[in-house]
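Numbering (this note's numbering), first residue to last: 511 to 808. Using N, Cα and C, we set each Cβ at its ideal position, and we do this for glycine too. Comments concern the structure below.
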């Protein structure tokens, strides 16, 4: 059964409104209020997107990791006393988001970017990654989010050692980070089998990315793998990702929409376990509406 279907960050229907970014130089030139205004814009837009989603039957959404740009940057922390978690206006807007999330029972996730590499050999990268994961966990806590999706990271020449580094660093994480962390198979290095191995040793819930699996392995999932993925969620609804290749099935680049062939793959998986589906397509909400229509009509 498919419970919820969602998308990530940008809402095409609400354009030209967009999330804003901020350069560190701009903060030094114009002051901390410049950054605050960027953050307030992003929080207001996030709330309006959630309202639009509910009006259109979409109850799953990935909040942008750049919701609050620069707030973990060491230079900003060193040179400015302002902190987002002490700002009453920002906290009030986060509380407003939390209210709609809880009232509408939305499933909210975040996905730290590719520079978040917990298994890096470089200590400074690991420190940055942990600080960034902490930021995500704090946002999720403030808005009643549920999932923080992470890839295993880099191979660094030896996959076994890379997995060991990931597990060792995971064990040292704060419990708040562990509470939200989910691990996803990728399309270049770490297969669903690798992620299942990590789950057995850590208990981290598994996010199955069907397109990544197709690009890297291109073999049907076994019933045992599906059962293990379901078990990893300990009673919560498993979260899966779906995307279609831009030019062909194994093209890692994402298509604007989800093909009917891939919609059928979602249906097949959902026949074996209840799932919430994150659509990763360039057309975002437009693609979700197409997927929902296809699934409803069949």
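Taking 8 Å as the CB-CB limit, is residue 574 close to chain B? Within the model displayed, chain B is absent; a lone protein chain is all it includes.
Which partner residues of residue 694 appear in the DSSP bridge assignment? For residue 694, the pairing in a beta bridge is given by DSSP as 661, 717.
Best match in 538, 743, 648 for proximity to residue 573 [C-alpha to C-alpha]: Taking the Cα of residue 573 as reference, the smallest distance to any Cα among 538, 743, 648 is reached at 648.
Identify whether residue 807 lies in helix, strand or coil by the three-state DSSP scheme. Correct three-state label for residue 807: coil.
Report back the beta-carbon spacing between residue 724 and residue 759 to the nearest angstrom; my notes put them in contact at under 8 Å. A Cβ-Cβ distance of about 6 Å is found for the pair residue 724 and residue 759, placing them in contact under the 8 Å criterion.
From residue 546 to residue 513, what does the alpha carbon distance come to, in whole angstroms? Counting only the Cα atoms, residue 513 lies some 36 Å from residue 546.
So, are the CB atoms of residue 801 and residue 785 less than 8 Å apart? Note that the C-beta distance between residue 801 and residue 785 is not below 8 Å.
Look up residue 515 in the DSSP assignment and give the residues it is bridged to. Checking the DSSP bridge columns, you'll see residue 515 partnered with 787.
Can you grab the Cα-Cα spacing for the pair residue 586 / residue 534, in whole Å? Computed Cα separation, rounded: 8 Å.
At the level of alpha carbons, what is the spacing between residue 628 and residue 768? Taking the straight line joining both Cα atoms gives about 31 Å.
Let's see if you can read the secondary structure: which residues bound the beta strand (DSSP E) around residue 549? DSSP places residue 549 outside any beta strand (DSSP E); the residue lies instead in the alpha helix (DSSP H), whose first and last residues are 542-565.
In the DSSP assignment, find the beta strand (DSSP E) that holds residue 583 and state where it starts and stops. Premise fails: residue 583 is in no beta strand (DSSP E) and is neither H nor E.
Under 8 Å, with one C-beta from each stretch per pair, do the stretch 652-662 and the stretch 619-634 reach the 3-pair mark? Verdict: yes, contact present.
Using the three-state DSSP reduction, which class does residue 595 fall into: helix, strand or coil? Reduced to three states, the DSSP call for residue 595 is helix.
In the DSSP output, what is residue 607 paired with across the bridge? None; residue 607 has no bridge partner.
The alpha helix (DSSP H) with residue 619 in it runs from where to where? Note, residue 619: premise wrong, no alpha helix (DSSP H); beta strand (DSSP E) at 617-620.
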